[in-house]
Amino acid sequence: MSRQRIYLDWNATAPLCEPARLAMVDALALPGNPSSVHAEGRAARAVVEAARRQVAMLVGANPASVIFTASATEAANLVLTPDFRMGRAPLSVSRLYVSAIEHPAIREGGRFPADRITEIPVLRSGVVDLEALERLLSAHRAEDGFALVAIMMVNNETGIVQPVEDAAKIVRSHGGLLVVDAVQAAGRLPLDMERLGADFLILSAHKIAGPKGAAALVSRGETLMPAPLIRGGGQEKGHRAGTENVAAIAGFGAAAAFMARGLDARNAAIGALRDRLEKGMRDAAPDVVIHGGGVARVANTSFFTLPGLKAETGQIAFDLEGLSLSAGAACSSGKVGASHVLTAMGEDAKTGGLRMSLGHSTTGEEIDLAIGIFARVAARRKLAGQAA
0 MSRQRIYLDW
10 NATAPLCEPA
20 RLAMVDALAL
30 PGNPSSVHAE
40 GRAARAVVEA
50 ARRQVAMLVG
60 ANPASVIFTA
70 SATEAANLVL
80 TPDFRMGRAP
90 LSVSRLYVSA
100 IEHPAIREGG
110 RFPADRITEI
120 PVLRSGVVDL
130 EALERLLSAH
140 RAEDGFALVA
150 IMMVNNETGI
160 VQPVEDAAKI
170 VRSHGGLLVV
180 DAVQAAGRLP
190 LDMERLGADF
200 LILSAHKIAG
210 PKGAAALVSR
220 GETLMPAPLI
230 RGGGQEKGHR
240 AGTENVAAIA
250 GFGAAAAFMA
260 RGLDARNAAI
270 GALRDRLEKG
280 MRDAAPDVVI
290 HGGGVARVAN
300 TSFFTLPGLK
310 AETGQIAFDL
320 EGLSLSAGAA
330 CSSGKVGASH
340 VLTAMGEDAK
350 TGGLRMSLGH
360 STTGEEIDLA
370 IGIFARVAAR
380 RKLAGQAA
């Protein structure tokens, strides 16, 4: 057993950074409701609006276009709806097109009925099939309503970067709308709302070293907006009712500002550690399959399969050795096993995959310890196979 626990599950939740913790502590001391007009209320409102500016800056957006929610899942359910408004006029969306590798929060389709959702296939490389997207949108009946397309920026399991800018051009040429899940991209890739061509971005605080319980839907502008999911008071300009979670939002903003600094240098350091990890894995088990190794990935993610070792068994084995990693999306806990991402890529998904994901505080010592643990787990897998 390793005496030191090693946390390599940053894609599930990144440990809270110090600036976010301090911002939350300060915000918790504020007694006012941010909707109140008195001095205490104005102080709380100032914290929320400062965070809104910080989050907007991380993705090159207008602060007025940031809507705070309690989770990325809520943001997805807010924007994935057949009902939009262009100003005060209703705008109908007739069909949702979702890539086959989306996070479960997107794959469920939000407020669309199942018979109005179409899946966009991906190539064996794990990249969205843009030719298929073109064919699907060419066949879309515009007279029935607009097409809404959801394509993630970075896959949460493989770390593969998707061609969102190219997809946006296709969607725009057919008069559609594009929703981009940028949860795993924020703080790991430079993001700019205008350059991406997305109509909406989804973000989550706890993926960028902020707190759990804060997220955002970011729109290109304020004219075209989805019908509210949560109705009640006029918070968030009427787009999301409910008193804002001031402390969590403050932490979100501080984390966004923290992650916006030194992006290139941080990625270079993390990428070097990830490469060192994967080399050690290959040395210890030459038959290990690292998914997405041949295409663009974010620097921190390694998604792999050890032949003969089921994902759920492997996750337990690594945990007992002191190494925290994931088998698929953390939001699907209790459903470990076949990965829908591997299935979409045409891989044999029966064994499943395991994911190690690094962050800004991951050290070389931790990587070396992780390689040693990997070697022991891989060796036991072979011994178990021989015994059988």
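Heads up: the sequence shown at position 250 corresponds to 249 in numbering that gives the first Met the number 0, and the numbers run straight through without jumps.
C-beta: ideal position from N, C-alpha, C; glycine also.
Cα-Cα separation between residue i and residue j, rounded to whole angstroms
i: A326; j: L7; result: 12 Å
i: A104; j: A71; result: 8 Å
i: V163; j: L129; result: 10 Å
i: I201; j: A247; result: 17 Å
i: Q385; j: G307; result: Only weak support exists for where Q385 lies, its pLDDT of 43 falling under 50; the value from the coordinates is given anyway. About 11 Å.
i: A13; j: T80; result: 29 Å
i: Q3; j: S323; result: 11 Å
i: I229; j: P89; result: 18 Å
i: L136; j: G59; result: 28 Å
i: G371; j: V179; result: 37 Å
i: L132; j: S98; result: 9 Å
i: R380; j: A185; result: 36 Å
i: E17; j: L27; result: 15 Å
i: S331; j: F303; result: At S331 the pLDDT is 49, less than 50, meaning the model places this residue with poor confidence; the figure from the coordinates comes in the next sentence. So the alpha carbons of these two residues sit roughly 18 Å apart.
i: D25; j: V47; result: 12 Å
i: A50; j: T350; result: 42 Å
i: A19; j: Q53; result: 12 Å
i: A310; j: H238; result: 40 Å
i: G333; j: A38; result: With a pLDDT of 48 at G333, under the threshold of 50, the modelled position of this residue cannot be trusted, and the question is left open.
i: H339; j: I315; result: 21 Å
i: G270; j: S172; result: 36 Å
Whether residue i touches residue j by CB criterion (8 Å)
i: L216; j: F199; result: yes
i: A22; j: A255; result: no
i: A167; j: L176; result: no
i: N10; j: R354; result: yes
i: F257; j: A204; result: no
i: I159; j: V182; result: no
i: F145; j: V92; result: yes
i: R84; j: A226; result: yes
i: M151; j: E107; result: no
i: F373; j: G291; result: no
Top-ranked residue by Cα proximity to residue i, from the options
i: G358; options: I100, R230, A264; result: A264
i: Q234; options: A343, P33, F251; result: P33
i: A377; options: V288, L341, A259, M151; result: V288
i: G212; options: L368, E193, A74; result: A74
i: N61; options: E243, R219, A214, H290; result: R219
i: T157; options: S301, G313, L368; result: S301
i: A149; options: S124, A55, R94; result: R94
Residues that DSSP places opposite residue i in a beta bridge
i: R84; result: P89, M224
i: D180; result: I201
i: A215; result: F67, L202
i: D8; result: S356
i: A185; result: L188
i: F317; result: Answer by DSSP bridge pairing: none, since F317 is not bridged.
Any C-beta of chain E under 8 Å from that of residue i
i: S34; result: Absent from the structure is chain E; it holds one protein chain and no more.
Heavy atom of the ligand SAM within 7 Å of residue i beta-carbon
i: N266; result: Inclusion of the ligand SAM in the displayed structure is not the case, the ligand content being empty and no account of it being possible.
I'd like the ranges of any alpha helix (DSSP H) spanning at least 4 consecutive residues and lying wholly in the segment 224-271.
245-259
Which parts of the segment 98-156 are runs of the beta strand (DSSP E), unbroken and 3 residues or longer, counting only runs that do not cross its ends?
With a minimum length of 3 residues, the unbroken runs of beta strand (DSSP E) contained wholly in the segment 98-156 fall at 116-119, 145-149.
Within the segment 339-373, note down every full alpha helix (DSSP H) run reaching 4 residues or more, in order along the chain.
Look at the segment 339-373 and you find these whole runs of alpha helix (DSSP H), each 4 residues long or longer: 339-343.
Pick out the complete beta strand (DSSP E) segments inside the segment 29-77, 3 residues or longer, and give them in chain order.
65-68
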